[in-house]
Amino acid sequence: MLPSASSIYQSALTSGKTFLSSASNGQDQVIFDSTITVSKEVSGKGTNHAIEKGADITDHINYEPLTMHLTAIITDSDYLPFFHLRGKVADRLAMLETWMMSKEILNYSVYDYGIIKNVFIESYKEDSTIDTGDGRQIELTLKQIIIVDSKSQDIPLRNGVTKKGPSQSSTTSTTGNAGASKPVCSSVGG
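Add 12 to a position in the sequence shown, counting from 1, and you land on the number used in the numbering used here.
Following this line, the structure appears as structure tokens:
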């Protein structure tokens, strides 16, 4: 089966490029014409407690979500292949701002790291200089979010315990002597 024309264009358009795409529909994309820097940040925090002889022990370590920093150029220059398919600078800037303000979950594709899923735009900076002409230099901080699924599971009850619904009393009664016949102070003084 031959690939469709749109997939050929898409492949040529994004080949070797850094871009963001909407995780919800995958169709909305912002392609960066030139990527200047990409940095990856992973950090963690440990809880330290003092123990004997002046030493500390770390007993809990919590890692922060992955953070990516990106500096890129977007331009309307027509010297790049398929320039008309990338979208105009104004359209791409509007898309970035919309994504940030609407807290859109994105996928970040970068040539050295592959696709990093479930990121959001934490910060956005746009510079227009003489060097960029009609284009813009963009600085983005992307933070990955951890998406978890909550599940519930029925656990079988022990013998003698019945499930009666939300109106069931939370108290239980037991039978037996559990020390009821012993005086409270029987072990004190003999």
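Virtual Cβ for every residue (Gly too), placed ideally from N, Cα, C.
Predicted, not measured: the structure shown is a model, and the values here were computed from it.
State the start and end residues of the unbroken alpha helix (DSSP H) segment that holds Leu110.
Sequence inspection shows Thr at residue 110; the Leu mentioned does not correspond to that position. From DSSP, the alpha helix (DSSP H) with Thr110 extends over Val101 to Met113.
With DSSP as the reference, label Tyr75 as helix, strand or coil.
Strand at Tyr75.
For the beta strand (DSSP E) holding Arg170, just list the boundary residues, first then last.
Neither: Arg170 is in no beta strand (DSSP E) and is coded neither H nor E.
Taking the runs of the alpha helix (DSSP H) that are 4 residues or longer, which of them lie wholly in the segment 110-144?
DSSP runs (the alpha helix (DSSP H)) wholly in the segment 110-144: none.
Using DSSP's beta-bridge definition, name the partner residues of Thr49.
In DSSP, Thr49 forms a bridge with Thr83.
Does the Cβ of Val42 have 16 or more other Cβ atoms within 10 Å, making it buried, or fewer, making it exposed?
By the 10 Å Cβ count, Val42 comes out buried.
Starting from the Cα of Tyr136, find the closest Cα among Leu82, Asp124 and Val54 and give me that residue.
Checked all of Leu82, Asp124 and Val54; the closest Cα to Tyr136 is Leu82.
Just reading off the beta strand (DSSP E) that Val42 is part of, what are its end residues?
Gln41 to Phe44 is the extent of the beta strand (DSSP E) around Val42.
In the structure shown, what three-state DSSP assignment does Asp161 receive?
Correct three-state label for Asp161: coil.
Taking the alpha carbon of Thr70 as the reference point, which residue from Lys115, Asp139, Asn60 and Ser34 has its own alpha carbon closest?
With distances taken between Cα atoms, Thr70 lies closest to Asn60.
Can you give me the C-alpha to C-alpha distance between Asn37 and His72, rounded to a whole angstrom?
Taking the straight line from one Cα to the other gives about 38 Å.
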